[in-house]
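Residue numbers (our numbering): 1 to 806.
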């Protein structure tokens with residue numbers, strides 16, 4: 001029998017001797033057991049003894065099976081062993097469907113026993129007298145006897161229930177042990193029940209703050225433990241409605257006293273630490289109380305000891321600056337060289353320092369460890385607050401494992417925001433529709449890292465920043481900023497003081513830079529081109545339009561003057577000549593309508609619009625031509641196009657005209673003297689010409705409602721080119737009489753590019769008129785009148801010559 005059997009089996013016996021039939025399968029008579037109640041949390045042992053007479057052989061592979069009595073079916077088996085009389089294993093057994101199936105694994109086995117034990121943790125069952133089929137199968141079936149004993153285990157309340165010693169090899173200083181004692185109830189009311197666990201405290205020290213009492217229920221499905229009381233101190237007593245728990249730290253005695261305990265279960269847990277080396281130590285648990293019967297229903301389920309020993313684990317962590325405020329230690333956020341104080345369960349502080357990545361680790365004794373980051377360490381950035389984790393923090397470190405903690409710090413944050421707007425109505429406030437979108441704003445907080453944000457469709461911007469002073473700079477050069485504006489609201493850059501978890505705002509308003517556009521509208525009665533006193537035309541509308549498209553209509557005053565503030569830049573000015581206050585039949589004689597002014601910042605630009613009556617006007621016209629045939633008259637096709645002609649009448653206002661495709665020009669002018677000047681430097685004027693027709697400038701007398709004309713004719717400047725072709729008979733390199741070669745063709749090309757062929761006379765001479773400038777001359781050496789076999793000995797062929805005009 002093993003130790004379980006020896007502890008729990010008592011003498012309740014029911015057995016039968018049977019004679020097997022002569023076959024391979026023998027059915028042994030039914031076995032019956034006396035009705036026996038088996039209670040919760042009891043352990044039952046069944047021993048089946050078997051033997052065989054001499055001459056019967058049991059061989060390897062033979063089997064038999066035995067049914068279990070009554071309601072004892074279970075899969076919760078503590079053990080089934082098949083042993084011979086010498087306590088040697090002779091077979092294997094399994095529990096299947098309320099039957100024990102056994103197979104022999106040895107030959108010539110004479111006798112032996114099977115021990116089956118189990119514990120019940122559910123509702124009470126009964127081992128009743130229901131017939132149990134028992135079949136014994138052997139190769140040679142002979143007389144066989146099977147005995148079955150069923151013994152529920154009851155508790156003697158006055159005996160020592162558990163007694164055990166230290167682990168093999170004793171224990172050593174520093175080892176830690178957790179003790180669990182559980183007292184159970186069936187449901188009856190129990191009075192004056194006391195459980196005592198007397199710990200041998202020699203060489204032990206009970207660890208403070210480790211004792212606890214938990215209370216559960218016996219509900220048939222196991223204990224539902226609920227923490228009810230934690231005891232602390234030298235001698236601690238906790239009281240609930242129906243039990244008292246005491247722990248004497250000096251003697252190590254832990255007691256649990258229950259009164260009126262109904263459907264309750266209790267567990268006491270405490271821990272000790274070895275303080276002196278010792279080879280052996282014992283622990284005893286006793287149970288006392290009033291009445292054996294009552295105490296049979298209140299039993300010790302188990303007492304266990306868990307050896308923790310000198311277990312070590314690792315506590316590790318990271319200290320980091322959470323730059324992006326995401327609550328996670330990202331790469332590059334670790335804070336190096338920060339001291340971290342680690343205090344393990346022994347109370348000994350250990351200082352470790354974070355590495356370059358902010359990580360730290362330390363091997364400590366398993367148990368509760370306190371971690372305290374030195375927030376006063378000079379390597380912790382100034383002004384930060386803890387945003388991740390708690391400091392200090394306690395963490396349970398398991399043996400042979402790692403417990404981790406994180407300590408994240410962040411700068412206190414707030415929000416900087418603002419609006420950038422074009423203050424169209426100049427009221428100093430950002431009104432609806434005035435925001436300027438897509439403008440970059442550069443925000444600098446104490447981090448030193450610029451943050452660039454862009455305004456939204458309403459001109460607003462906002463960004464998280466470190467609390468404190470923040471500088472916001474609007475990019476006034478942003479391409480989305482309107483041109484020619486000045487800031488009129490706020491400062492740029494501006495400094496904000498951002499509070500923690502709140503916001504600070506700024507406004508940046510802009511207005512267009514301004515100047516003045518002005519002018520005068522007058523009737524030039526004396527046609528002198530100047531607005532004299534009394535010549536102003538009153539109440540005439542003038543439309544002033546900025547390049548942006550914004551139009552302003554102003555009216556001339558009694559003196560014909562007008563003026564208005566405008567945005568700087570180009571301004572278009574148009575006098576409304578259809579205005580009813582404009583005299584009928586007038587023609588503009590001074591200025592252009594419309595005209596363009598360029599208004600400077602803070603300055604002004606002025607235009608003059610003078611008009612004359614139709615009876616004071618005439619026309620000047622003319623023609624500019626190249627007199628190709630030199631006849632002094634303009635012929636078809638001789639006009640020179642795109643030549644500038646400047647015409648000045650009595651208004652003294654130059655009018656620049658351009659000749660058309662036929663060389664003509666024409667313009668209305670004031671009647672009287674008019675000067676017309678042809679621009680002879682115009683790029684479209686042919687090079688090398690001189691005027692042969694008309695004067696430049698020329699003066700015309702323009703009659704009222706009449707026309708005066710002028711002609712400006714030009715011809716190319718001319719010269720003469722000549723030469724001699726001769727046969728140098730005496731070889732002296734000079735022309736001598738009688739050496740000229742007659743009738744030789746000479747090809748002459750002047751600046752016009754048109755070649756002319758001339759022929760030498762009887763003395764070898766030739767001559768022709770050409771345009772002044774470079775001339776190319778080629779003697780035709782293949783001419784049939786050229787003597788055969790000659791080579792040129794004087795001059796070059798072709799040759800270049802130049803003859804000045806005349």
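All residues carry an ideal CB built from backbone N, CA and C; glycine is no exception.
Values in this document were obtained by computation on a predicted structure and should not be read as measured data.
Return the chain-ordered list of same chain residues with a C-beta closer than 7 Å to the C-beta of residue 393, the five sequence neighbours on each side being excluded.
371 and 405
Suppose you measure from the CA of residue 328 to the CA of residue 348; what does that come to, to the nearest Å?
30 Å
Beta-carbon gap between residue 702 and residue 622 smaller than 9 Å:
no
First and last residue of the uninterrupted beta strand (DSSP E) at residue 718
718–724
Beta-carbon proximity of residue 689 to residue 744, cut-off 9 Å
no
Can you give me the C-alpha to C-alpha distance between residue 788 and residue 767, rounded to a whole angstrom?
25 Å
Inspect the CB distances between the segment 311–321 and the segment 348–365 and report whether three or more fall short of 8 Å.
yes
Considering only residues of the same chain and omitting the five flanking positions on each side of residue 94, which have a CB-CB separation below 6 Å?
101
Could you give the first and the last residue of the continuous beta strand (DSSP E) run that contains residue 741?
Neither: residue 741 is in no beta strand (DSSP E) and is coded neither H nor E.
Where does residue 362 sit, in a helix, a strand or coil, going by DSSP?
strand
Could you tell me the distance, in whole angstroms, from the CA atom of residue 385 to the CA atom of residue 422?
40 Å
In whole angstroms, what separates the C-alpha of residue 18 from that of residue 62?
Unreliable positioning characterises residue 18 in this predicted model, as indicated by a pLDDT of 27, which lies under 50. A coordinate reading is not provided.
Under DSSP, the beta strand (DSSP E) around residue 405 begins and ends at which residues?
402–410
With respect to the beta strand (DSSP E) encompassing residue 547, which residues constitute its N-terminal and C-terminal limits?
Careful: residue 547 lies outside any beta strand (DSSP E) and carries neither H nor E.
Applying the criterion that 16 or more other CB atoms from any shown protein chain within 10 Å of the CB defines a buried residue, is residue 807 buried or exposed?
Because the chain is modelled from 1 through 806, residue 807 falls outside the range shown and cannot be assessed.
Counting pairs of beta carbons, one from the segment 559–577 and one from the segment 508–523, are three or more of them closer than 8 Å?
yes
So, using beta-carbon positions, are residue 500 and residue 412 closer together than 9 Å?
yes
Would you mind sorting residue 644 into buried or exposed? The rule is 16 or more other CB atoms within 10 Å of its CB.
buried
Closest by CA to residue 105, which one among 113, 114 and 90?
90
Comparing C-alpha positions only, which one of 495, 772 and 682 sits nearest to residue 716?
772
Cβ neighbour criterion (16 or more within 10 Å) applied to residue 729:
exposed
Since residue 368 contacts residue 345 with CB under 8 Å, what's their CB separation in whole angstroms?
6 Å
Please list, in chain order, all residues of the same chain as residue 472 whose beta carbon is under 7 Å from its beta carbon, the five residues on each side excluded.
416, 418, 441, 443, 493, 494, 496 and 506
List the whole-angstrom C-beta distance separating residue 608 from residue 591, where the pair is believed to meet the contact cut-off of C-beta under 8 Å.
5 Å
Mind checking residue 477: buried by the 16 CB within 10 Å criterion, or exposed?
exposed
Does the beta-carbon distance from residue 797 to residue 782 come in below 9 Å?
no
Please report the straight-line C-alpha distance between residue 564 and residue 752, rounded to a whole angstrom.
58 Å
Taking its Cβ as the centre, do 16 or more other Cβ atoms sit within 10 Å of residue 616, making it buried, or is it exposed?
buried
My guess is that residue 543 and residue 576 are in contact by the Cβ rule of under 8 Å, so how many angstroms apart are they, rounded?
7 Å
Does residue 616 come out as helix, strand or coil in the three-state DSSP assignment?
helix
Could you give the residue range of the beta strand (DSSP E) that holds residue 350?
349–353
Selection from 661, 712, 547 and 638 that minimises the alpha carbon distance to residue 599:
547
Applying the criterion that 16 or more other CB atoms from any shown protein chain within 10 Å of the CB defines a buried residue, is residue 483 buried or exposed?
exposed
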